[in-house]
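Sequence positions in the sequence shown follow numbering that gives the first Met the number 0 and run 0 to 157.
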Amino acid sequence: MASPEIHDARKGDAPSIARLSRRLVEAGLTPAWTEQRIERCRQREDSRVLVVRHGSQVIASVIVDFEDSAAHLGLLVVDGVWQRRGLGRQLLEAAERLARAAGLPRMVLEVRDGNAGGRAFYQSHGYQETGVVARYYGPTENAIRLARELKDVAFNHS
Ligand SMILES: CC(C)(COP(=O)(O)OP(=O)(O)OC[C@H]1O[C@@H](n2cnc3c(N)ncnc32)[C@H](O)[C@@H]1OP(=O)(O)O)[C@@H](O)C(=O)NCCC(=O)NCCS
């Protein structure tokens, strides 16, 4: 997909983003990405919530938090029929540029350990698996933590 327009989420986008997360990221889990939490992220200065739309519909989103020594990618989701067209990569790169612009040298994230597609996606983008976080998603599900140093990411454009 050629250069999608990536925008900050608007008031009213949180329910759509929460639905994408429940269906594609958090299936079978107690949802952590509630509408309320997403809306709080949208309003906080140390978070950004970005979206891609098709018409009026949100088809992809990324949420990044700026922490003390690293940025944390909280959520990245692309709706089913839009997957494998480069949207995930472009949203990830947008989040990395924001992290660099905030002066942060590293991006960290967690992925469900059974999410082979997600793990392959991040690895194809230079992320390395740095460990397992036991029971991160509840009593029965671990996370794989991944990280990438951002020193080579250009940050002088959005
Ligand atoms: C993982 C996800 C964000 C990737 O976004 P996407 O737009 O589909 O991915 P892209 O088109 O940008 O893929 C870029 C590259 O990543 C790799 N990749 C992406 N999805 C992959 C998959 N399911 N399996 C293996 N490799 C994959 C490929 O190398 C791909 O390049 P190619 O299509 O030329 O082979 C998206 O598929 C998604 O939302 N999945 C469900 C939710 C999820 O798993 N989120 C991430 C973990 S929280």
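Heads up, the beta-carbon is just placed ideally off N, CA and C, and yes, glycines get one too.
Going by beta carbon distance, what residues of the same chain come within less than 6 Å of residue i, once the five residues before and after it are set aside?
| i | result |
| --- | --- |
| Glu148 | Arg105 |
| Pro30 | Arg21 |
| Val107 | Ala69, His71, Ala146 |
Only counting the same chain, and skipping five residues up and downstream in sequence, which positions put a Cβ closer than 8 Å to that of residue i?
| i | result |
| --- | --- |
| Ala142 | Glu109, Val110, Arg111, Asp112, Val131, Val132, Tyr135, Tyr136 |
| Gln127 | Leu145, Ala146, Arg147 |
| Lys201 | Residue 201 falls outside the range modelled here, since the chain spans only 0 to 157, and no answer is possible. |
| Ala101 | Phe65, Ala70 |
| Asp45 | Asp64, Phe65, Glu66 |
Leaving aside the five residues before and after residue i along the sequence, list all residues of the same chain whose C-beta is less than 7 Å from its C-beta, in chain order.
| i | result |
| --- | --- |
| Glu38 | Ala13 |
| Thr139 | none |
Under the assumption that residue i contacts residue j (Cβ atoms under 8 Å), give the Cβ distance between them as a whole number of angstroms.
| i | j | result |
| --- | --- | --- |
| Asp78 | His71 | Rounded, the Cβ-Cβ distance is 23 Å, inconsistent with contact. |
| Val51 | Cys40 | Not a contact, Cβ separation roughly 17 Å. |
| Thr33 | Ala17 | 6 Å |
| Gly54 | Ile62 | Wrong, their Cβ atoms sit about 22 Å apart, outside the cutoff. |
| Val76 | Leu28 | So it is not a contact: roughly 14 Å between Cβ atoms. |
| Arg96 | Ala153 | 7 Å |
| Ala69 | Leu103 | 6 Å |
| Ala93 | Ile5 | 5 Å |
Drop a sphere of 10 angstroms on the beta-carbon of residue i, count the other beta-carbons inside from all chains shown, and report buried for 16 or more, exposed for fewer.
| i | result |
| --- | --- |
| Gln89 | buried |
| Val80 | exposed |
| Arg99 | buried |
| Gly87 | buried |
| Pro3 | buried |
| Ser123 | exposed |
| Gln59 | Rather than Gln, the amino acid found at residue 59 in this sequence is Ala. By the 10 Å Cβ count, Ala59 comes out buried. |
Is residue i near ligand 1, going by C-beta to nearest heavy atom under 7 Å?
| i | result |
| --- | --- |
| Gln127 | no |
| Lys117 | According to the sequence displayed, residue 117 carries Gly and not Lys. Yes, since a heavy atom of ligand 1 falls inside the 7 Å radius drawn around the Cβ of Gly117. |
| Leu28 | no |
| Ser123 | yes |
| Val48 | no |
| Arg84 | yes |
| Val24 | yes |
| Arg88 | yes |
| Val131 | no |
| Val75 | Per the sequence shown, the amino acid found at residue 75 is Leu instead of Val. Indeed, a heavy atom of ligand 1 lies less than 7 Å from the Cβ. |
| Asn114 | yes |
| Val107 | no |
| Val110 | yes |
| Phe120 | yes |
Whole beta strand (DSSP E) elements within the stretch 114–157, 3-residue minimum: Within the stretch 114–157, the complete beta strand (DSSP E) runs of at least 3 residues are 127–132, 142–148.
Continuous beta strand (DSSP E) assignments of at least 3 residues falling wholly in the stretch 27–98: 46–53, 56–65, 70–77
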